[in-house]
Each structure stands twice: as C-alpha cells, then as structure tokens.
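First the structure, in the form of structure tokens, and then the observations on it.
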Amino acid sequence: MGMRSVLSPVFCPLSSEPRRAFLAAALALLAPLARAREVAYPAVRPRELVFPRDHGSHPEYRTEWWYVTGWVRDDRGNDFGIQVTFFRNRPGVAEESASAFAPRELLFAHAALADPRHGRLRHDQRARRAGFGLAQAAQGTTDVRIDDWWLRLEGDVYRTSIAARDFSLALSFRPTQPILLQGERGYSRKGPDPAQASYYYSRPHLAVEGTLGADGRTVRVTGKAWLDHEWSSEVLSADAAGWDWVGVNLADGGALMAFRIRARSGETLWAGGTLREAGGRVRALAPGDVAFRPARHWRSPRTGVEYPVAFALRAGTLDLVLEPLIDDQELDSRASVGTVYWEGAVRALAAGREVGRGYLELSGYWRPLRI
Amino acid sequence: MSAARITPWGAVTGGALRANGGRLVLSVAAIALGVALGYAVQLINQAAVNELSAGLATVAGDADLEVRGPRAGFDESLFPAVAARPEVALASPVVEVDAKLAGDRGELALLGIDVFRAGPIQPGLVGEGEDGLDVLRPDAIFLSVAAADALGVKRGDRVGVLAGLEPVELRVAGLLSARTPGRLGVMDIAAVQDRFGRVGRITRIDLRLRPGTDVAAFRAALQAELPPGLVVARPEASLRAATSLSRAYRVNLNVLALVALFTGGLLVFSTQALAVVRRRTQLALLRVLGVKRRALAVTLVGEGAAIGAAGAALGLVAGYALAAAAVSIFGSDLGAGYFRGVTPRLGVEPGSAAAFFLLGVAAAVLGSLAPALEAARAQPGPALKAGDEQRALARLATPWPGLALWAAGLAASFLPPVRGLPLFGYAAIACLLVGTIVLMPRVAHAALSAAPRPRAVPGALALDQLRGAPGQASVSLAAIVAAVSLMVSMAIMVASFRQSVDDWLDRVLPADLYVRASMTTDTAFLSPADLERLAAIPGVRRSEPLRAQRILLAADRAGVALLAKPVDPADPARQLPLVGAFVVPKPGDPPPAWVTEPMVDLYGYRIGERIELPIAGRMAPFVVAGVWRDYARQQGAVMIQREVFVALTGDANANAVALWLDPGASPDAVSRAVAAAVPGGGNLEIATPGEIRDISLSVFDRTFAVTYALEAAAVLIGLVGLSSSFSALVLARRREFGVLRHLGMTRRQIGAMLAVEGFAVSAVGLAVGLAIGWLISLVLIHVVNRQSFHWGMELHVPWAGLAALGAVLLALATLTALASGRQAMGADVVRAVKEDW
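If you read the protein sequences in the order shown, they are chains A and B. If you use the working numbering, the first sequence corresponds to residues 200 to 570, in order. If you use the working numbering, the second sequence corresponds to residues -14 to 822, in order.
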C-alpha cells in the first residue's frame, strides 16, 4: 500500500505543481482559505535579499521551496539526472492551537533519479507536519529535514542525504559562482499583476560530489547542479493551467532560466527568465523575450498524459533545442503534493552541438490547476 | 432364501422406519435443535468478534507494534523519542478519547491522528473532505458510515461533542471509507488535544519498523525504556484484550448450546435403545440368517448417523435463520452489552458449519452406539425368545463407569481455569451429569426397593414392574435427570446471581441522588467549580465526587478501572461493598487501595499486600486494604482516596457525584436545581437510586434472556425425550398388557398402573435431578462463574420456583404415561399375546 491512497486527499488542494508550479499550489489553496480567511499572509514586494538569513525558511509566507536539480556522472561515464526538493507550506489552519502537533507548517519532499539504463524515473516522496524536531525548516540558513531526509547549508557547501524507496543520494553541492538573483534583484513577477510574484534566487553551476545508490550498488559521482530557493504568498491569474520551466548550466559558464505560464486555452499568459553570461553580465528576459515551441511529444504509458519533452526555446539572443536525457521522467506525486508532472534532465543544443545541461519542468499537462 | 440377499439396512432400518416414524422425526428434530442453537451462537459470536477485530484492525492498520497506556494518555515527548529510533520506519501518534455527544446522542470513539503519519499505516482512518485541508482543520470531523448512520448526519452537518459539560461544535467534513467499521470519528490530532483538554498527551503510538528489524528484540528493548504503565505490544494483543472480556460469556453460550445438543444425543439414545429392544427378535433372526455382528452393529450405528446427518443439516439452516433473527432483535452480544457500537454482519463460516454438522452426527452416533453394540453382542438364541428385553439393558447398569465419572467430576471442580476459561468446571458438570445418568439404574433400583409396597393391585404391580426391570425405566430416568438437573442448576445459579446483584445494588447506592457527566467517556466531566456549585444547592447535605480513569496493567488484558472518591480508611465498609475483612494502613504505610474481586483473580492481589499502580506516568505505592464486590466492571477496578488521586494526577474533575439530601428535601426539586446550577447542566444524567436499580436489574435480565432461552431449549428437548421414551416403553409392553387383560385386569387398572409407574419414575428422577442440579449449581456459581467473570455471589435457592417445576414435571410424566397406555391398549392388545411363540 503506497502513500497514494492515503495522502492524496490531503494534498489535492495544497497541490498542484511543485516548484514554480508549486506557486500555483497556493492558488488552489486560496479557494478554501478565502472562505475562512484563517490567516493573513505577507505580500511579496520588492526588497533587498539578505544572506545568509534569506537562505533559511520564511515561515510566515505561504509557500517556499529549496529545489536542487543536476547532472552527475559516475567513474564509468554513465550520466544520471538527480532531483532533491523540499517544500514548505503554511496552510493557515490551527494557527491558534496550543498543541505541539498543530499543523501550522507542512513539509514535503521529492527526490528523483533519472538513469538512462533504467529507462524511467525512480522517485519517492515524503510529507509531514513540522514539529518535534522530526520535520523542520530552520530560519537563518538552509536546513530542512523530514525524518532522515535532509538538505542543509554547511558553511558554504550544501549537503543532502536521501534514503528513498529504491535509491539513495548522499551529495554535496559547492557553489562556484555568485548567487543569481532572479527577476528584479530577487523579486520575480509571475503575471501582469505585481502581487503575482515571488522572492527567487538561484545557485547555478554547483559542483556536485558524493555517492548515489541503486540496485544494491553505490557509486561515486561528480557533476553540476542548480539550486533554486523561492518563497511567496500570492499566486497566478485564475485561468493559468500550468508551467514550462527550464534552468540550464551553459557549458561556457553562463546560466539560463526561462519559464512561461500557460493558459487553459494553451496560449502563453506570462513568460520571463534570466540569462547570466559567462562574463557575469545579467540580462532579465521580458515576456516577449521568451518562446517555448514544442518539438516532440511523449505519452506516459502509466497516466496517458502527453508531454512536450523536447522544445525549441528562444530566450533573448539564445536559440536552443532542449532534448531529454530520457523521455520517461514523469513524476507521479499524487501521493504527496497531489499531482503528476514531468521533471527531467535535458541537454541544451545549439546548431546540433551540446552547449549546456539542465532541467526542464512541465506541469499542468495532467490536469489544469484547480482553482 | 439366501442369506446373501438380506441386507441388514433394508431389513432392520426399513422396518423400524415404518414402525417408528414419529420417534425418528423427534430424534432428528432434537439433533437439529441442538445444532441450530450451537451454530447460531457461534455465528453471532463470530460476527461480533469479526466486527470488533475489523474495527481494531482499521485503527491499528498494519502497524508492527503499538505503544499503549492508560486512558488518560501519556506525555507526548515519548513520540519523538520513539519515532527517531533507527529501527522505526514510521511512528504514528494517536489520541483516543471516548467522546460523549451533546444532546443525549450517545457515545463516539474519537481518534485524533496525524494524517501524514497515520495515512500509510491506517489508511482506513483518512477521510476525504471538501478540500484537502479538512483533514487538518480543527473544526472538522470525519465519521465512519456506522457513526453517521447512528447519528443521522451527513457531510456538512454539525455534531456537538461534550468537553466538560459544554458542547464543542464540529463540522462533519466527510465520511470514512465504507470498509471502516465501528462507530468512529476521526479528527486532527492537534484539534483533539486542543478541544478536549489533551494538550501534551497522547494515548498511543503505532510503529512500523524497518524491514529486517527483529520485532521481538526491539519490542523488549523499547519496553524496558517505557515509563510505568505503558506497554509496547503487537496489535493482536489489543484484540485479545478487547475480546477477553466477552470471551468467557461467549464460551458459556456455546456450552449451553452444546448442552442442548447433548440432550438431543440422549434422545437419540433413548429412541435407539428402545428401537433395539423392540426389534430384538428381528435382529436375532437376522443373525440366525447369517448377518454378521459387525454388519448389524454398523447398520444400527448407521441409523444413528443418518438421524444425526439429517438433524445436523436441518440444524445448520435453522441456526443461520436463528442467528439472523437474534442479531436483529438483541444485537450481536445477545443483549449482554459487550459490543457497543458494533454492527455485525453474519457470514456463513464453512469451518464452524462443518464442525457443528460433525458434532450433530457425533451426538447421534454416540447415542446409538451403546444400543447397537449391545444388540450385536446378544446371543441370537435367547434373544429370539420373548421376555429377554431386560437383559439388553443390563449392561448399562455396571456401576464403575458412573462412579469413576463422579470422582473425576468432583476432582475437576477444584482445578483452576485454563487460559481464563473454566474448562475444568464444564468438565466437572459433564462428568457429574453423565456419571449420574450411568448410575441411574442402580439408584432407581435402590430407591424403588426401599419404597413401601402399595396395597392396591395396580400400584403394587407398577412397583414390581419397576423393581424387576429397572433397565427399561433407566432410559426415561436419564432423560428426566438430565433435564431436571440442568434446569435446576441454572435456576439456582441465576437466582443466586440476581439476588446477589440486588443486595449489591442496595449497598452501592446509599445516596439520595446520583448526578453523572459520564462514567464511560473521557470528554464529559464535572469540573471542581461544578462540584462546588452542586454542593451549595439548598437541600444537599453532603456530596461525594467520583473520578473514573483506566490504567493498563498487562498488554493482553483490558484496562483496569482506577476509581477515586472520598473513602474513610478506618471505615471503608460504609462506602464500599466489602467482601471479608479489611485492614487499616498504619502510619507510614502507603495510602490504601481497595480492589475488586477480579483483581484478586486476575492479578493475584492479597489483602495487606503492597502494590504499585502506574498513575500519571509513575509507579505509585499502595496497600491493598480490602476487597469489594463490583458487578459493574468485569475487568477489575481499584478504588483509591480522592485526595490521593488528585495529589498524584492534579486532576480534580469528577465523572459523577452522589448527593445526600437534607431530610424533607425533594429529590425532584434538587434534580432541577442541579441541572440549572452548572453550565451545560442539561447534559448531566440525574437519577435516583431506585431508577439506577431498575435499569441495572433490567440490564441483568436482558443479559440472561438468551441464557434462559438456551436453557429452555435444552429442557424442552429433555422433556420431549422423556415422553417419547415413555411411550416407546409402553408400546413395547403390549404383550404384557394383553396378559394382564387375560388375567382379568381392567383397562382402568392398567391405566392406573402406568400412571403410578410414571409418577414413581418421575419422582425418583426429580429427586435425583434436584440433588444433582443443586450440586451443579455450586459448580456454576463457584467455579464456572467465578472463573469466567471473577464475580463472587451468595447461594440463593428459588424454592418456590423449584417446587412448581417439580409439580409440573410429575404431572407431565404421569399424564404421558397415561396417554401412552391409552394408545397402547387398542383392540389388539389381547391378540398381542399371540406374538409370543
């Protein structure tokens, strides 16, 4: 018996999509909360991000995540995609409770391993209420844990340990570049209304070292990863259906983040991104600077959902083709955040030549976000 | 004629069937009734236990271990300590409260769960709300289908649950899966803690261990670290604890049903014994014609088996129908109150159906075994002659088996229970009964020889007949003795029990008015402020608050009631129905605890002994200062002084309060004042001692209703057996009546002779039955009841009832004899003499 039957009712509303899409989760949350108006969340307004304080949790905001994705290679030259995500959510219930079990803060975690030889994504998930030192998101620095899954910043290096159902990860992520503030110095707009925004920064080009275990074997790996930390209270426009998002560590040392928000009709509601060139010059991408054009589709044999797993992407001056490491990187998280999405390792090609590696997220293809 | 063509079955059984159709039908019916009762009781018990275990299984889910403690719970800090242990894959904390619903809507088992942790272990407890957050919202409750049905509510409705005396309004956010049994409500754990005064406390932690963990070793290691009063055990232990209370009751019902089957077997015996006697010459002729002994015996036993099979098959069908009817009328505990909130579904159980079928066949086969062997053993020569019937039954008169059974029975009545069941007690009763039946021919002969010889010819002849042929009468006697002794023993036991309960109620209800928030739930209580307000009501002279908690002393036993009220250690008998002596603790001794009889039986407590009880997370020392009688709590109870309880727990609330009124104060007026004096007073139950007594006795009578019914069935079978064997006997003596008529006796005189015979046989049977019944009632009271329920009681013999019973039996036996005689003395009685050759 999996967690599915049990947890899915819990999370359908909290749900929706992880990461950028998880912003939309708040959207779904809004409906029930609007009725009761159990709590007032702080609004996201432009402000200076302060570190290391802003590496830590912001429990007063509705949603927050720490999202690590990357490519690693073992000493035999096998490539793997890895994903470690911790979500924090303030559901706005039981805020007045005197109980130590009060569900003021909920924590979720996803972990995934893409291995071309395995053919499809291995993934696992956890969900807990914060408390008793068993599940927590610390303030002041990155330190999130659910039982024996954790991600934390030790000095300058992020470390994680994940013991999943059918794989394990023990990795360190060493920054090699400065923090990349998204949007307007960390204030990232998600729609035409200025209230639809998040605080958002990234750590591209993290040097990965550590071990991963699967099929009873543990191998040493090295590679490159990307960390996103994002928190917010408000959400998207009501007719948003989902997201396409990509973050690429470019081979020349540059970094690209691009996203679009799709309407139910399929058209693009909002788009944006950031390009940091190898030399360090940062260019914010306006909605008109970003275009996602599906190049190839793949249908999941499990859910029947069709995903555009390959794209032609225009982001400012860059014209890239995104090709997945493997097609089947669907992540069924109905059991935790209550949705099905595609989150996968991709190669970025220009003129047929690999110019970078990153992660692509496709959400809202299973079902439109519930509003 | 070739011997090879003669099949014993065709020759023996075919003829017997034609001649004895009526009695065969009776035998089949008797077996059917016995099987039906046994199977019905089994089905009902099984349905109730299945339902209970399904409920517990849902609550326990597929946990490997569970940590449990007193009803008041334990400190929640244990949860992270246990959850963080490396062997633990998932720990799920639970707060369980028995909640009382506002507006007199009954009770609800309320579970507070952490949905994130309970989900993987107990999926049946996770409901689906209007949105996903309902499982976390403090005002949301999810009800099982049974609870929603019982309360008549649906999603979106509101239910009030008492916290103290005032209702907490909850919104029914949804229903649990239809497969989740029982009367359950589920809320978020934080909400239950907050709203029902449980902050900081939980009552259970369910554990799932990592694969490969040595469960037994981990259990032992964790148990050693737990605070006093907590146990870690496999979930099955909860089921054992939950069913242990009703187990003895269920076994008792099964035994009663088996008694009905036993009397059915006795009826087969009497039918077959007489059939063999009647067919003696035919059987002998068959032997002469070449049928082997073995074949004859097999045929006669086969007859019994056929009767048994037919009866058992009918019985299974009837049993299912009976069970269905009983459950719909009485409920699954047959009115005994063991399975509150359990809605059983009857299932056909192939295993137990097969078992009862075989039992039915076995009873009939055993009943026909002795006559069959006897018939096969008989020498064909003498048997062909008339007047040899007596010899056929002579073998049954050997005294040694009977005496051995008696000795075994007496010895068995002194043995202890086996796994909480009075198995030796039942064995003792069976031995005494069967031993007596086996000894009956001798006893009857001795009794009748001692009787004076009547002057009148019919009377003298009757007595001569009985003295000369006690074997024939012994079959009737067996039926009478069995029926009478069972009836008498049960009557004495139930009368003793009821009278003891009646006396006990007098002693435990000394006050003028009883005010109760709830004795069985956790959420409803009277606060210290409420108690002060009640004590200040004009007309109230004295008030005595009572607190009831539950503590756990053993993993596989039900929790023990921990009671606290003001008791004077120097004079405890004034406030407690003490049994035997008491001790007054000396200065420097720990405080006194007065325990009930089950505590003595189950936990071995002795007066004067120092004990430790797990109260509020630590072991508190006490001295056992006395033993009191408590028919209310079969699992045992410990009474301590209120001040000691408050000092140990800091809990000064009360479940109930007894009020003594000023002379002349009106109980009605005070009742109204009580309801008005405290907030939420409308949710109090207020009763006079008389009302409580009436309710208690009606509960008692309801509990024994099924016992009465089963007993009546057993007796009915016995009486049917009696009249059937009597009429068979009489029919077998048609030649004798013919001779008597030839000798000049009138029909009237023969009728009188038969009436005297009937009367004499019944009188002997009745006397023996009364004596044995009295003896068996002692075993029931002091062995079976004590070992089953741990309740002591005083012997009360219902003389008037027994006298009436005896008179009815005597009259019935005499009339049966007369009626059979009339039937036997048709026109051809005279000609029957010619049957002799």
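Just so you know, even glycine gets a beta-carbon here, dropped at the ideal spot from N, CA and C. For clarity, every value in this text was computed on a predicted model and none was experimentally measured.
Beta-bridge partners of S532 of chain A (DSSP): A:T538. Identification of chain B residues near R328 of chain A by a Cβ-Cβ cut-off of 7 Å yields D99 and F101, ordered along the chain. Distances from the CA of A360 of chain B to each of B:L307, B:G170 and B:L281 were compared; the closest alpha carbon is that of B:L281. Contact of V292 of chain A with chain B by beta-carbon distance below 8 Å involves L118, L121, R122 and P123. E210 of chain B counts as exposed, since fewer than 16 other C-beta atoms from the protein chains shown sit within 10 angstroms of its C-beta.
The C-beta separation of G54 of chain B from L215 of chain B comes to about 4 Å, placing the pair in contact by the 8 Å criterion.
Nearest to G330 of chain A by alpha-carbon distance, out of B:A69, B:D119 and B:L128, is B:A69. Note that the C-beta distance between G109 of chain B and L161 of chain B is below 9 Å. Using a Cβ-Cβ distance cut-off of 8 Å, the stretch 198 to 210 of chain B and the stretch 122 to 129 of chain B are not in contact, since fewer than three pairs of beta carbons, one from each stretch, lie closer than that value. Here the stretch 432 to 451 of chain B makes no contact with the stretch 466 to 485 of chain B; the two share fewer than three CB pairs at distances below 8 Å. For G185 of chain B, the nearest CB of chain A lies under 9 Å from its own CB, placing it at the interface with that chain.
Taking each of A:P500, A:A457 and A:L468 in turn and checking the Cα distance to D527 of chain A, the smallest one comes out for A:P500. Taking C-beta atoms under 8 Å as the contact rule, Y590 of chain B and V609 of chain B qualify, at a distance of about 5 Å. Every unbroken stretch of the alpha helix (DSSP H) spanning 4 or more residues and falling wholly within the stretch 422 to 455 of chain B is given here in chain order: 442 to 453. The residue among B:A740, B:F399 and B:V283 with its C-alpha nearest the C-alpha of A804 of chain B is B:A740. Looking only at A:W349, A:W442, A:P251 and A:L333, the smallest Cα-Cα distance to L368 of chain A is reached by A:W349.
Taking every protein chain shown into account, the CB of P443 of chain B has 16 or more other CB atoms within 10 angstroms, so this residue is buried.
The beta carbon of L400 of chain B is closer than 6 Å to those of F409 in its chain, skipping five residues each way along the sequence. Distance between V445 of chain A and E560 of chain A, taken at the CA atoms: about 6 Å. Within the stretch 233 to 310 of chain A, the runs of beta strand (DSSP E) at least 3 residues long that lie entirely inside it are, in chain order, 262 to 273 and 278 to 288. Fewer than three beta-carbon pairs drawn from the stretch 237 to 253 of chain B and the stretch 553 to 571 of chain B are found closer than 8 Å, and the two stretches are therefore not classed as touching. Neighbours of A297 of chain A in chain B, taken as residues whose beta carbon is under 7 Å from its own, are D179 and V184 in chain order.
Considering only B:D491, B:Q31 and B:L780, the residue with the shortest C-alpha distance to P674 of chain B is B:D491. What D173 of chain B touches in chain A, judged by beta-carbon distance under 8 Å, is A293, F300 and P302, going in chain order. Three or more beta-carbon pairs separated by less than 8 Å link the stretch 83 to 99 of chain B to the stretch 158 to 172 of chain B, which places the two stretches in contact.
A Cβ of chain B is located within less than 9 Å of the beta carbon of D346 of chain A. The beta-carbon of F64 of chain B is placed less than 9 Å from the nearest beta-carbon of chain A. Sequence-distant partners of D274 of chain A (beyond 5 residues in either direction) whose C-beta falls short of 7 Å from its own C-beta, in its chain, are R419. In the structure shown, the three-state DSSP call for I522 of chain B is coil. For the pair of segments examined, the stretch 609 to 621 of chain B was found not to touch the stretch 635 to 652 of chain B: the number of CB pairs separated by less than 8 Å stays below three. Sequence-distant Cβ neighbours of D574 of chain B in its own chain, meaning closer than 6 Å and more than five residues away, are V608. Nearest in C-alpha terms to D119 of chain B, of all of B:A132, B:I98 and B:G137, is B:I98.
The shortest C-alpha to C-alpha distance from R261 of chain A to any of A:H317, A:E429 and A:A470 is the one to A:E429.
Residue-level contact by beta carbon fails for L370 of chain A and chain B, as no gap is shorter than 9 Å.
Put simply, the CB of G415 of chain A is far from chain B, with every gap to its CB atoms at 9 Å or more. Contact annotation: A396 of chain A and S431 of chain A have beta-carbon atoms nearer than 9 Å.
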